[in-house]
Structures are given as C-alpha cells and as structure tokens.
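Participant:
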Amino acid sequence: MSLLVVGLSHRSAPVSVLERASLPADAKVKLLHDTLAAEPATEATVLATCNRIELYADVDKFHAGVAELSTLLAQHSGVALEELTPYLYVHYEDRAVHHLFSVACGLDSMVVGEGQILGQIKDALALGQELHTAGRLINDLFQQALRVGKRAHSETGIDRAGQSLVTFGLEQLAVGTPVAEWAAGKRALVIGAGSMSSLAAATLARVGVAEIVVANRTADRAERLAEILVASGTGVAAVAVPMARVADELTRVDVVVSCTGATGLVLSADDVLAAVSWGAAPDPAPQTPAGLDSAPAQSPAPQTPAGLDMADVVARLAAAAQTHGRIADAGAARTISAPVEADGCPVGPDGRAALTGVDANSLELHGTWADQGEAAAQRQPRRSTRTQPHTSSVRLALLDLAMPRDIDAAVHRIPGVRLVDIESLAEASADAPMAADVDAVRGIVAQEVAAFGAAQRAAHITPTVVALRAMAAEVVAMEVARLDGRVPDLDERQRAEVTQTVRRVVDKLLHAPTVRVKQLASEPGGAGYAEALRELFDLDPQTVTSVSRADAADPMNDDDPGRAS
9 MSLLVVGLSH RSAPVSVLER ASLPADAKVK LLHDTLAAEP ATEATVLATC
59 NRIELYADVD KFHAGVAELS TLLAQHSGVA LEELTPYLYV HYEDRAVHHL
109 FSVACGLDSM VVGEGQILGQ IKDALALGQE LHTAGRLIND LFQQALRVGK
159 RAHSETGIDR AGQSLVTFGL EQLAVGTPVA EWAAGKRALV IGAGSMSSLA
209 AATLARVGVA EIVVANRTAD RAERLAEILV ASGTGVAAVA VPMARVADEL
259 TRVDVVVSCT GATGLVLSAD DVLAAVSWGA APDPAPQTPA GLDSAPAQSP
309 APQTPAGLDM ADVVARLAAA AQTHGRIADA GAARTISAPV EADGCPVGPD
359 GRAALTGVDA NSLELHGTWA DQGEAAAQRQ PRRSTRTQPH TSSVRLALLD
409 LAMPRDIDAA VHRIPGVRLV DIESLAEASA DAPMAADVDA VRGIVAQEVA
459 AFGAAQRAAH ITPTVVALRA MAAEVVAMEV ARLDGRVPDL DERQRAEVTQ
509 TVRRVVDKLL HAPTVRVKQL ASEPGGAGYA EALRELFDLD PQTVTSVSRA
559 DAADPMNDDD PGRAS
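By the numbering used here, the letter at position 104 of the sequence shown is numbered 112, and the numbering carries on one by one without gaps.
Written as structure tokens, this is what we have:
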C-alpha cells in the first residue's frame with residue numbers, strides 16, 4: 009500500500025483560502041483524470057466539502073507523488089502553488105488511513121461528531137467509481153471508512169460531542185435561546201435543494217418553524233423537497249418558488265438558510281438591505297400621559313445627530329477610513345441593534361427605518377464607523393468580543409453554509425440582520441467542549457487502522473502465494489505426465505491415486521510456510537516477505553503481476569456483504 013493524501017481543510021487554512029480553492033463538479037472530474045495521467049498515481053479520488061479539499065491517490069513514489077498532487081490541486085483550484093503550499097498537509101500509508109477514518113467519524117469536522125461527512129465520503133467514492141479512477145485500494149479504503157464511521161456513531165455517543173453543522177448554525181442564530189423556542193412560528197427561506205439544503209429544511213421543520221419556502225434553480229428539485237417537507241408529519245407548510253422570487257420572499261421571512269453550488273454571491277448586501285427596509289415605518293412618537301397638553305403624535309423622520317450635516321459626516325468618515333484603514337471583520341456575525349453613543353454615523357440611530365434610501369457608499373462608511381467604534385471600545389480578545397444581540401432585535405437571520413459563500417459578508421453591518429457563516433461557525437466551534445466519547449472513537453479508529461493495514465499487507469502477498477501454488481501444481485502435472493511415460497500399464501484408478509498422493513505431499517509442504525508468510529506480511533514491516541518468497545522459489549514477476557490483475561478484475565472479490573452501500 010502506497011496511499012498518499014494531499015489536502016487542506018478548516019484546520020490548516022483560513023476560510024478565505026478554502027473559499028477560493030473550492031472545486032466545482034467539472035473541476036473534480038478534470039482533476040481526477042489529470043491525476044491518473046500523471047506518472048506517480050495509479051488510482052485516485054477527491055473528497056471536496058465546504059471545509060476540506062483532499063486528493064487521495066495510490067502512488068509508487070512518495071516525493072514525486074507529493075509534488076505532482078500538490079501541483080494538480082493548485083492548477084485545478086485556481087490558487088497559485090506558492091500561495092497554497094503553506095496550507096497543505098500530507099499523510100502517507102497508515103497515517104493517510106488514520107486521517108480518513110478520523111474524518112469519517114467526525115473527529116476532524118468543524119463540529120465534532122457531525123454525520124454529514126459520511127454522505128460526502130460516499131459521494132467521493134461514487135465519483136471515483138464512475139470515472140474509473142478508483143481501483144482496489146481506493147475502493148477498499150473508502151468502503152472501510154464508511155463502515156468505521158457508522159461503527160463510531162452506533163457504538164459511542166460521538167453525536168453528543170457536537171451537532172450537525174445546520175443545528176449548530178441555528179444555535180448560533182438563536183443566541184442562547186433554545187432553538188425550538190426561537191424558531192417557533194417563524195417563516196424560513198431555504199435557498200438550494202441539495203443534500204445540505206435538504207438537511208437544513210428538515211431541521212427547520214423539526215424545530216418548529218411554521219412555513220418553509222424552497223428556492224432552487226431546478227424547479228423540480230425544489231418542488232420535490234417541498235412535497236417531502238409537507239409529508240414529513242411535522243405540520244410545516246412548504247412551497248417551492250423560482251429563484252427569481254427570492255428577493256420578494258426575503259421581505260416576508262424571518263430566517264434564510266442558503267447552500268448552493270453557485271460560484272458567485274446569491275444574496276448581495278443590497279438585496280438584504282432592500283428586504284429589511286421594505287415596508288419599514290418610523291417608530292411612533294412616545295405617548296404623552298393623560299391630562300397633559302401635547303401636539304399631535306407624528307413620526308419624525310430620521311435625522312443626523314444634532315449639529316452635523318450629512319456632507320460633513322461623510323467627509324469626516326472618508327478621512328478617518330483613509331487614515332486608520334478598515335478593521336477586518338472576517339465575516340463576523342453581529343447585529344447593529346442600538347445606537348452607539350458617538351457622533352458621525354451617516355445612517356443614523358433609527359435602525360432599519362433609517363436605511364431606507366441609503367446608498368451603498370454610505371452603508372460602507374457606516375461599516376467603517378461601526379468597526380472603528382468597536383475598536384475604540386477596548387474589548388476582550390476576539391472570540392469573547394462577539395457580543396450576542398438580543399434575538400428580539402433581529403429582523404432577518406441568515407445562515408450561509410455554502411463554500412464559496414452565498415451571502416455577502418457585508419450584510420452583518422445592516423441593522424436588524426444577523427449573519428452566521430462558515431467562518432463564524434469555525435470560531436464558535438473552536439471552544440466547544442469535547443465529549444468523553446471522543447476518546448472511545450479514537451480507540452475505534454486506531455483498531456480499524458491496524459486491521460486495515462494488516463489486511464492490505466496480507467492482500468499484497470496473496471498474488472505471490474497464488475503464483476507459488478500455481479507453480480507447484482504445474483510441477484505435479486509434469487511429474488505425473490512423466491510417470492505415465494515410464495509406467496504405461498497403470499489403470500485410471502491407480503493413476504488418480506498416485507496423482508492425489510503427490511498433490512497432498514506438495515500441499516502439506518507448502519501449507520505451513522504460506523500461512524506463516526501471510527501472518528508475517530500482515531505485520532508492520534512485512535512488505536519484504538513477498539519479495540523474499542519470489543526470490544526463494546524463483547517466481548516469474550510477470551506471473552505474479554498477472555495473478556494480481558486477475559484478482560482485481562474478479563467481480564467475486566467485490567461481493568462483500570459487509571460493505572457499506
């Protein structure tokens with residue numbers, strides 16, 4: 009076994025790099041074809057999810073394999089090799105097996121214990137099989153990874169160590185409120201109808217939203233998902249709409265979950281700003297206590313803080329931004345829900361009503377002002393600085409599970425909008441407690457890695473043993489033929505008895521050494537026994553190779569009832 013994996017994930021690379029390096033479906037196909045065309049690789053498949061890109065291959069040269077696979081990942085991801093290299097990791101042979109099994113169990117996931125990765129591993133295997141780039145090693149490895157992942161979830165409480173990415177994302181949107189309480193009666197928009205979006209829709213229905221609208225570019229898939237939701241028995245109302253209706257639906261929903269395969273933004277900051285500004289009315293004037301004279305209540309228009317005009321505000325903010333620069337927000341999830349006691353925001357303190365008619369440049373200046381205000385507040389380190397707004401102040405909650413992102417990160421600056429995306433989930437999950445069951449899963453992974461390695465090493469020597477027995481059978485046949493020439497008077501019964509006796513002698517002589525050599529070969533460092541056997545019995549390497557090919561092509565070898573479907 010010469011298994012090599014080269015990849016990057018949320019553990020090794022920032023989300024911005026993962027986002028740029030994401031592989032669309034056609035790029036995966038081209039990557040696998042080019043990998044097999046490269047000299048070091050004989051079989052391969054690619055595991056590409058929202059937070060990892062990994063290329064698995066069986067290679068005959070380690071250093072050449074690493075160089076070739078790294079170069080191919082850079083070429084097909086569109087990120088320059090010199091930029092990608094610092095974020096790449098490499099695992100070889102047993103370490104590569106250990107890595108994939110850990111991934112399958114959810115130990116390497118952004119949210120520990122999530123089970124969605126099993127479906128993604130299954131998809132990676134199916135792609136390799138469809139393109140005929142997955143050979144015996146890749147097939148055995150990924151089938152076993154599926155079994156190990158299922159075993160971990162069935163034998164331990166790893167599910168308690170974390171939640172699915174969808175559930176975890178909804179918890180971040182709920183900000184400390186129980187998700188079921190937060191979601192009760194809400195209207196939700198799900199953009200996309202793939203596996204992740206379907207899971208999101210099912211989760212929303214389960215936690216008690218009142219209505220789900222599904223938007224997808226393929227109408228049939230959206231309609232099918234809506235039908236499934238209605239038939240789920242959760243009592244949720246569900247309808248499908250075309251993507252052209254998304255802007256209209258934004259004005260009437262409370263929650264949006266988006267996970268599409270789009271290469272560009274699905275929701276821009278302007279889209280979200282228009283949605284939360286639509287129908288917004290200024291707050292009514294405070295009521296005057298009974299018995300006091302008062303002017304008729306009016307709804308005052310939003311105003312710039314006293315003593316400042318808009319032109320002066322914009323000029324001051326532009327100068328401040330040029331002098332101090334922007335404070336990076338890195339997709340942070342936060343809501344501007346109350347006025348900050350400082351002058352200078354061009355948007356004003358009146359929430360979303362004040363945003364009506366504000367252009368994009370002023371909104372961007374508002375973001376600069378807000379960021380600079382936060383920096384001046386001398387907050388604690390970043391993870392603890394994410395002040396969680398009261399959910400009652402959130403007009404629209406957005407969960408972006410796509411990679412690359414579907415929703416413009418700038419929407420978090422819009423008052424009344426809360427955005428949770430992959431990057432903010434990564435930060436929130438970094439401090440999540442690890443369950444004791446994680447240790448049990450690590451034990452399962454270690455056992456399974458050892459068993460897989462032993463099986464692969466034993467399988468490696470099998471063609472040599474088969475070739476040895478074939479040579480012995482040929483020797484028996486030659487000697488029986490020679491006996492026929494020397495003793496022609498033997499009848500059929502006597503000839504059969506002599507032939508059987510010779511075969512038994514040969515089998516008994518070969519039994520102990522062949523069983524023992526398989527045992528030795530299955531142990532670490534046992535790869536040399538096959539070569540020693542070939543040398544001792546002067547076996548033709550071409551014969552051994554032909555036996556290997558025949559064994560790999562035998563459909564009976566794949567008829568394993570224990571394999572995951």
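We put the CB at the ideal spot given by N, CA and C, even for glycine. None of the values given here were measured: they were computed from a predicted structure.
Run the CB neighbour count on M118, radius 10 Å, all protein chains shown included, and call it buried at 16 or more, exposed below.
Facilitator: Buried is the call here.
Participant: Comparing C-alpha positions only, which one of L145, Q464 and S10 sits nearest to Y100?
Facilitator: Among L145, Q464 and S10, the Cα nearest to that of Y100 belongs to S10.
Participant: Just to confirm my understanding: we take S203, look at its own chain, exclude 5 residues before and 5 after, and list those with CB closer than 8 Å. What are they?
Facilitator: Answer for S203: Q124 and G127, listed in chain order.
Participant: If we ignore side chains and look at the alpha-carbon of each, how far apart do I129 and L544 end up?
Facilitator: Taking the straight line joining both Cα atoms gives about 42 Å.
Participant: Write down the C-beta distance between P48 and A72 rounded to the nearest angstrom, noting that I regard them as a contact closer than 8 Å.
Facilitator: Right, their Cβ atoms sit about 5 Å apart.
Participant: Less than 8 Å between the C-beta atoms of Q180 and S20, yes or no?
Facilitator: Contact: no.
Participant: Going by C-alpha to C-alpha distance, which of I469, V514 and E487 sits closest to A540?
Facilitator: With distances taken between Cα atoms, A540 lies closest to I469.
Participant: DSSP state of S17, grouped into three classes?
Facilitator: The answer is strand: DSSP assigns S17 an E or B state.
Participant: May I have the straight-line CA-CA distance separating S266 from A417, to the nearest angstrom?
Facilitator: Their Cα atoms are separated by approximately 13 Å.
Participant: Between the alpha carbons of A182 and G193, how many angstroms are there, rounded?
Facilitator: Straight-line Cα distance between these residues: approximately 14 Å.
Participant: Let me check understanding here. Comparing Cα to Cα, which of F109, G269 and R403 lies closest to G157?
Facilitator: Cα-wise, what sits closest to G157 is F109.
Participant: Tell me the rounded alpha-carbon separation between L44 and L133.
Facilitator: Between L44 and L133, the C-alpha separation is close to 15 Å.
Participant: Hey, how far is the Cα of G86 from the Cα of L80?
Facilitator: If you take the alpha carbons of G86 and L80, they lie about 10 Å apart.
Participant: Select from A209, V449 and I166 the residue whose C-alpha is nearest the C-alpha of V247.
Facilitator: Ranking the options by Cα distance to V247, first place goes to A209.
Participant: Pick helix, strand or coil for I415, following the three-state DSSP scheme.
Facilitator: It is a strand residue.
Participant: Measuring CB to CB, does G114 end up less than 8 Å from D445?
Facilitator: No, the pair does not count as a contact, with Cβ atoms beyond the cut-off.
Participant: Helix or strand or just coil, what does DSSP make of I61?
Facilitator: Reduced to three states, the DSSP call for I61 is strand.
Participant: Does DSSP put I430 in a helix, in a strand, or in coil?
Facilitator: Looking at I430 - three-state DSSP - the assignment turns out to be helix.
Participant: Residues in its own chain within less than 6 Å of A336 by CB, not counting five upstream and five downstream?
Facilitator: Any reading at A336 must be qualified, since the residue scores a pLDDT of 35, below 50, and its modelled position is unreliable; no value is offered.
Participant: Checking 8 Å against the spacing of the C-beta atoms, do A112 and A142 come in under that value?
Facilitator: No, Cβ-Cβ distance for A112 and A142 is not below 8 Å.
Participant: Using 8 Å as the threshold, is the C-beta distance between H84 and L55 below it?
Facilitator: Result no, Cβ atoms of H84 and L55 do not sit closer than 8 Å.
Participant: In whole angstroms, give me the CA-to-CA distance for V175 and A188.
Facilitator: The sequence as given places Thr at residue 175; Val does not occur at that position. The straight-line gap from Cα to Cα measures roughly 11 Å.
Participant: Does the region 56–76 come within contact of the region 417–426, defined as at least 3 CB pairs closer than 8 Å?
Facilitator: Segments in contact, no.
Participant: Closest to G216 by CA distance: which of V453, L517, A191 and V506 is it?
Facilitator: For the residues V453, L517, A191 and V506, the minimum Cα distance to G216 belongs to A191.
Participant: So, for A88: in the same chain, excluding its five sequence neighbours on each side, which residues have a beta-carbon less than 7 Å away from its beta-carbon?
Facilitator: So the list reads A82, once near-sequence residues are dropped.
Participant: Considering only residues of the region 164–200, which uninterrupted alpha helix (DSSP H) runs meet the minimum length of 4 residues and lie entirely inside it, listed in chain order?
Facilitator: Qualifying alpha helix (DSSP H) stretches, in chain order: 173–182 and 187–191.
Participant: Report yes if the CB atom of V495 is closer than 8 Å to the CB atom of T507, and no otherwise.
Facilitator: Not in contact: V495 and T507 (Cβ atoms no closer than 8 Å).
Participant: Would you list the one or two residues that DSSP bridges to L276?
Facilitator: The sequence shown places Ser at residue 276, rather than the Leu named in the question. In DSSP, S276 forms no bridge with anything.
Participant: For L491, which residues from the same chain have a beta carbon less than 7 Å from its beta carbon, with the 5 sequence-adjacent residues on both sides left out?
Facilitator: Cβ neighbours of L491 beyond the five flanking positions: V506.
Participant: Pick helix, strand or coil for L55, following the three-state DSSP scheme.
Facilitator: Reduced to three states, the DSSP call for L55 is strand.
Participant: Does the separation of the CB atoms of V222 and A213 fall below 8 Å?
Facilitator: Their beta carbons are not under 8 Å apart, which means V222 does not touch A213 by this criterion.
Participant: One question on the structure: do I146 and E76 come within less than 8 Å of each other, judged by their Cβ atoms?
Facilitator: No, Cβ-Cβ distance for I146 and E76 is not below 8 Å.
Participant: Using a 10 Å radius around the Cβ and a threshold of 16 neighbouring Cβ atoms, would you call G177 buried or exposed?
Facilitator: It is buried - the Cβ of G177 has at least 16 other Cβ atoms within 10 Å.
Participant: Identify, in the order they occur along the chain, each residue of the same chain with its Cβ nearer than 6 Å to the Cβ of V98, setting aside the five sequence neighbours on each side.
Facilitator: Only V14 and V74 meet the Cβ criterion.
Participant: Once DSSP output is grouped into helix, strand and coil, what is the label at E47?
Facilitator: Looking at E47 - three-state DSSP - the assignment turns out to be coil, as it is neither helix nor strand.
Participant: If you draw a straight line from the C-alpha of A314 to the C-alpha of P423, how long is it?
Facilitator: With a pLDDT of only 44 at A314, under 50, the local geometry of the prediction cannot be trusted, and no value is derived from it.
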